[in-house]
Amino acid sequence: MIAEVNDGLVLISDYSTNNVALINIDNTLVNTWEINDYNFFRAYLTPDSILVTLSKSDNLPVLQKYDWNGLILWSFIFQEDECL
Numbered sequence: 002m003i004a005e006v007n008d009g010l011v012l013i014s015d016y017s018t019n020n021v022a023l024i025n026i027d028n029t030l031v032n033t034w035e036i037n038d039y040n041f042f043r044a045y046l047t048p049d050s051i052l053v054t055l056s057k058s059d060n061l062p063v064l065q066k067y068d069w070n071g072l073i074l075w076s077f078i079f080q081e082d083e084c085l
């Protein structure tokens with residue numbers, strides 16, 4: 002599990018469940034996102050509340066953007082000859 006503190010909020014990536022949780026400094030759950038069935042690596046929350054994730058599918062990097070409600074806004078699977 003990796004966490005980063007910023008402006009009183011903590012974004013927690015739980016790799017064992019493919020979930021990302023946003024909590025405040027009082028440990029109150031603010032929001033959660035369920036990430037697709039990829040091997041999940043990293044998550045970043047933008048200032049406009051878009052969750053950006055990096056994961057892997059079939060050994061290829063996958064970059065995705067989720068809205069506040071967990072809907073996938075954008076998804077890109079890098080091909081073998083593309084760099085990340």
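One rule links them: number in our numbering = place in the sequence shown (from 1) + 1.
We treat Cβ as the ideally placed atom computed from N, Cα and C, and that holds for glycine.
Computed from a predicted structure; not experimentally measured.
Evaluate residue 41 with the Cβ neighbour count: other Cβ atoms within 10 Å of its Cβ, from every protein chain shown; 16 or more gives buried, anything less gives exposed. The residue is buried, with at least 16 neighbouring Cβ atoms inside 10 Å.
So the candidates are 10, 77, 30 and 44; which of them puts its Cα closest to the Cα of residue 62? Ranking the options by Cα distance to residue 62, first place goes to 77.
Do you know whose CA, among 9, 35, 30 and 28, lies nearest residue 20's CA? For residue 20, the nearest C-alpha among the options comes from 35.
Which same chain residues, not among the five before or five after residue 99, have their C-beta less than 7 Å away from its C-beta? The chain is shown only over 2 to 85; residue 99 falls outside these bounds and no answer can be derived.
Since I believe residue 29 is in contact with residue 44 (beta carbons under 8 Å), could you give me their beta-carbon distance rounded to a whole number of angstroms? That belief does not hold up - the Cβ atoms of residue 44 and residue 29 are roughly 19 Å apart, past 8 Å.
Along the chain, where does the beta strand (DSSP E) containing residue 50 start, and where does it finish? Segment: none, residue 50 is in no beta strand (DSSP E) and carries neither H nor E.
Simplified DSSP state of residue 75, which is helix, strand or coil: In the structure shown, residue 75 sits in a strand (DSSP, three-state: E or B).
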